[in-house]
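In structure tokens, the structure reads:
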């Protein structure tokens, strides 16, 4: 066997037959044009507003108490959200790792539904459950004969924290559980023999063992909550402003581009540092949920059964009652059951060229999602092959770069587009093409994380054996690589489709009035007075939730342990 036949030669050569060796760098070109170029433009607007170096916007941010409070609140709510998420998740991860119980796999799978739901849908679901006119308040008012809603949670930090826990619960649970089930229980057994018990086992054995997974989960949840936009914008009100919301306000409401650019750059630098740490830390974790069967056992004592039952109850209340409330509220008008909110989605109530019937948004969302999926799949697979080139030292630094759009403010991306892509040859500011481009930046990291583990798991000997038997590089790609990474491809495509359907922040900037998406229509309807508009927002949210749920079910049916990673 020729010693020159190694993984590097196969992966590079087989692709170079189609469009040359430079094809692997096409994703870098896409990232350079539609990610780094807008960011550099933001940098120019912030530092060189008049063609000369001007740090006035940074000085304003650094010396204005309001922006310091904004940064402090952003960090505080993200840290508190992360802490509360882990507080709920660690006991759940212990239950899913150590015990067998009916419906365990189903519960673990359904918990992921919360993560794939768009933030707009999640916000509307919680308003339907515990808002002033939500099901819970309405029921308590009728039951206790109250004149005012007893739960005053709208426009409060508590509601934001609850929704953040809901949204990130599944991510942390997957990471921690997937790592924990692979750890041998012998260390705990040895500690107990030496006299350790109770909190000492947790403090000196379990938590140190889980440190890599805990750190990875902490960083990822913090990133998601630090850049949270839809949840804070819809549920927080004007008294709560994160960096993400403030960037949007400074751009859309005040037209203060230098301040918005300065805030964007600060956020990007923080997220880049955290993403570098996360991608390095993530390589030390493993996701193999099937191995839990070798560790788990049925609960025996009463305390163990109570722990399992309590965990299931918390998951049901936290993860599923808001979604059930959303469905029920969309079918209720006053005291009657009705489908009028759904039928009203087909009516153009304003008859204006600036407003289309809500059903048009469904068509737009599906079209943009299909285009996004196709682009994301091509670029994501090429990126996975590029990152697999172990002999190229610089590729280890590319991994966090390709993940950076996922951690970058969607508002920042949209803001960068409108100020950077407004001159030839990239005069796309008024083009509908900006929507799938923006969605691709958000969706492509999901494809990479789904395909890369499967691609890296192909033994070099498999390709070498195919070559010895006379297979060409094209045949190796078709008959060896593609079948082995097919599950990862389908999972990545489904994630990309779902991410595009629910994307809100960037679309709020770049979508034209005549091409709204489903999340934008929901947001617009929520901003209009009247029960009919609110009911249609609920109905549209249910439809969007169903689309995401179907995609999620497909992911779970195809996904196998070790394929794809958060």
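In my numbering, the protein residues as written are 1 to 566.
Don't be surprised by glycine CBs; every beta carbon is placed ideally from N, CA and C.
All of these numbers come straight from a predicted model, not from anything done at the bench.
*asked:* For residue 341, count the other beta carbons within 10 Å of its own beta carbon; 16 or more makes it buried, fewer makes it exposed. Which is it?
replied: buried
*asked:* Applying the 10 Å Cβ sphere with the 16-neighbour rule, what's the burial state of residue 131?
replied: buried
*Have a look at residue 167 and residue 115 and give me their C-alpha separation to the nearest angstrom.*
5 Å
*asked:* Which same chain residues end up closer than 6 Å to residue 276 when comparing Cβ atoms and leaving out the 5 residues on each side of it in sequence?
replied: 400
*Is residue 436 near residue 371, with beta carbons less than 8 Å apart?*
yes
*Could one say the Cβ of residue 481 lies closer than 8 Å to chain C's Cβ atoms, at least one of them?*
Structure shown: chain C not included; a single protein chain is present.
_Tell me the DSSP secondary structure of residue 33 in three-state form._
helix
*In terms of alpha-carbon separation, which member of 51, 434 and 453 lies closest to residue 508?*
434
*When you compare only the Cα positions, how much space is there between residue 297 and residue 89?*
20 Å
_Could you compute how far the alpha carbon of residue 237 sits from the alpha carbon of residue 258?_
24 Å
*Skipping 5 residues on each side, what residues in its chain have a beta carbon closer than 7 Å to that of residue 78?*
222, 225 and 226
*Do you know offhand how far residue 3's Cα is from residue 457's?*
Low confidence applies here, because residue 3 scores a pLDDT of 48, under 50, leaving its location unreliable and the question unanswered by this model.
*In the DSSP assignment, find the unbroken alpha helix (DSSP H) run with residue 146 in it and report its ends.*
That residue, residue 146, is in no alpha helix (DSSP H); it is neither H nor E in DSSP.
*asked:* Give me the residue from 311, 347, 483 and 268 with the minimum Cα distance to residue 416.
replied: 268
*Work out the CA separation of residue 174 and residue 119 for me, nearest whole Å.*
20 Å
_Considering only the alpha carbon of each residue, which of 347, 112, 476 and 479 lies closest to residue 550?_
112
*For the candidate residues 498, 256, 323 and 27, whose alpha-carbon lies nearest to that of residue 365?*
498
*So does the segment 448-456 actually touch the segment 372-387, counting three or more Cβ pairs closer than 8 Å?*
yes
*residue 301 to residue 95, Cα distance in whole Å?*
14 Å
_Whole angstroms are fine: how far does the CA of residue 29 sit from the CA of residue 76?_
36 Å
_Proximal residues to residue 361 (C-beta, below 8 Å), its chain only, five neighbours per side dropped_ = 516, 517, 518, 520, 521 and 540
*Per DSSP, which one or two residues make a beta bridge with residue 336?*
333
*Please determine, among 333, 85 and 54, the residue with the shortest C-alpha to C-alpha distance to residue 319.*
85
*Selection from 491, 405, 495 and 280 that minimises the alpha carbon distance to residue 33*: 405
*Applying the criterion that 16 or more other CB atoms from any shown protein chain within 10 Å of the CB defines a buried residue, is residue 411 buried or exposed?*
buried
_residue 253 classed as buried or exposed, judged by whether at least 16 other C-beta atoms fall within 10 angstroms_ = exposed
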